[in-house]
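Note that full-length UniProt numbering numbers the sequence shown so that position 248 is 248, with each residue one more than the last. Glycine included, C-beta positions come from ideal geometry on N, C-alpha and C.
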Amino acid sequence: MPLRRRHDKLAALPRDPRADDYPMPAVPYGWYAVLRSAELRPGRVVSLHYFGRALVAFRGADGRPAVRDAHCPHYGAHLGAGGKVVDGTVECPFHGWRFGPDGRCVQAPFAHRVPKVSLGGFPVREHSGLVFVHAGPDDPSWEVPEIPEAASRRFARPIDDTCRARIHVQEMRENIVDESHFHFIHGQSEPLVQDWRPDGPFAEARGRIRRRVLGRDIDNTFDAFMYGPGVMVVRTHGPVLSLTAVALTTPVDERTSEMRMLYYIRKPARFPFLTPALKAVFRTQALGEVREELRIWDHKIHRPHPVLLPHEQGIKALRRWYAQFYPPGLPLAPSRDLTSPAGTRGSGPPGSDQA
């Protein structure tokens, strides 16, 4: 069956209600990118919707970004629907109340005293051409490091690809450690072999990708650096193409997640004029594969106990690491794998068969 027909047929499938059933909270605690810096121009109010909340972003008088709840506490107007930035504050379009970057009301026309009300919001950081917010009950205890490719002249302007799927952000991240899918989706000749290294809220996965591109065998190494639940930087190095993929996964609501990919292609040192051609080839080869994954994600269900083959260790390892971004006390679900008799646990050390 042609690929397009298969995709159309999949999109028309009835949706199983279990596809929206997850045992973990929709928003793991950590940093998420909600905007590229260039999308938040001074004097502009930008409407957003993440974490199941209507939000607005704007820049204060000092140029720093703020991300606050969108609805005015006075009478409920949406500050992004006609609101404007005035002297570094966001002004409500309905009654003119103004709120500073910290969310506090600083002006209410006709009021004898400024009401002691505030817009909820998030801690914000801006670097690497991105605006990050921190979701969680406590102040941030770690930071996303700067991404040097975003400012390096050795890399071309990024290919920016954004899409949404009915899937939890954790499962979007599990994709990078799903060894077997690299054969069926990405053309690797055999399942991926990876080196997994967790380090607190950070983790690294290293490996090699061998595949055919335009009739030529390509052998690339990659390093995937994970910074909490929402930011991953994958650096791929090879004889033909080297690039850095910044994968930004952000919860939209209880059912939907967004994946924004920024692909920074390294300019060939001796032939920089070939960069547009490399970008065109990459778009042709890679973006279609991402869309195929999204269509599959849209209809898959969460398996707390996946039946894993002996070589499939990455999902279990990532789930153990990812658990730290949820409220304490959530149980870790054991995974079956085929190294043990069906229905029994492995014989490794305590916790070794936990996903």
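On the DSSP letters alone, give me the boundaries of the beta strand (DSSP E) that residue i sits inside.
i, result
"residue 194", "194-199"
"residue 359", "Nothing about residue 359 can be read from this structure; the chain reaches only from 1 to 355."
"residue 265", "257-265"
"residue 66", "65-69"
"residue 241", "Here residue 241 belongs to no beta strand (DSSP E), and DSSP marks it neither H nor E."
Please classify residue i as buried or exposed, where buried requires at least 16 neighbouring CB atoms within 10 angstroms.
i, result
"residue 265", "buried"
"residue 249", "buried"
"residue 171", "buried"
"residue 322", "buried"
"residue 112", "exposed"
"residue 260", "buried"
"residue 142", "exposed"
"residue 13", "exposed"
Less than 8 Å between the C-beta atoms of residue i and residue j, yes or no?
i, j, result
"residue 108", "residue 97", "yes"
"residue 204", "residue 222", "no"
"residue 230", "residue 31", "yes"
"residue 68", "residue 129", "no"
"residue 76", "residue 45", "no"
"residue 300", "residue 156", "no"
"residue 100", "residue 52", "no"
"residue 34", "residue 169", "no"
"residue 159", "residue 41", "no"
"residue 64", "residue 146", "no"
"residue 290", "residue 161", "yes"
"residue 106", "residue 117", "no"
Grab me the residues of residue i's own chain with a C-beta within less than 6 Å of its C-beta, minus the 5 sequence neighbours each way, in chain order.
i, result
"residue 302", "22"
"residue 318", "174 and 177"
"residue 198", "321"
Grouping DSSP H, G and I as helix and E and B as strand, with all else coil, what is residue i?
i, result
"residue 20", "helix"
"residue 154", "coil"
"residue 30", "strand"
"residue 13", "coil"
"residue 39", "helix"
"residue 114", "coil"
"residue 75", "coil"
"residue 329", "coil"
"residue 48", "strand"
"residue 179", "coil"
For the alpha helix (DSSP H) holding residue i, just list the boundary residues, first then last.
i, result
"residue 371", "The requested residue 371 is not part of the displayed model; the chain covers only 1 to 355."
"residue 282", "275-282"
"residue 235", "No alpha helix (DSSP H) contains residue 235, which is instead part of the beta strand (DSSP E) from 231-237."
"residue 167", "Where residue 167 is concerned, there is no enclosing alpha helix (DSSP H), given that its DSSP letter is neither H nor E."
Tell me which residues share the same chain as residue i and place their Cβ nearer than 8 Å to its Cβ, disregarding the 5 neighbours each side in the sequence.
i, result
"residue 326", "24, 25, 28 and 29"
In chain order, what residues of the same chain have a beta carbon less than 7 Å from the beta carbon of residue i, not counting five sequence neighbours either side?
i, result
"residue 252", "49, 50, 164 and 258"
"residue 36", "129 and 130"
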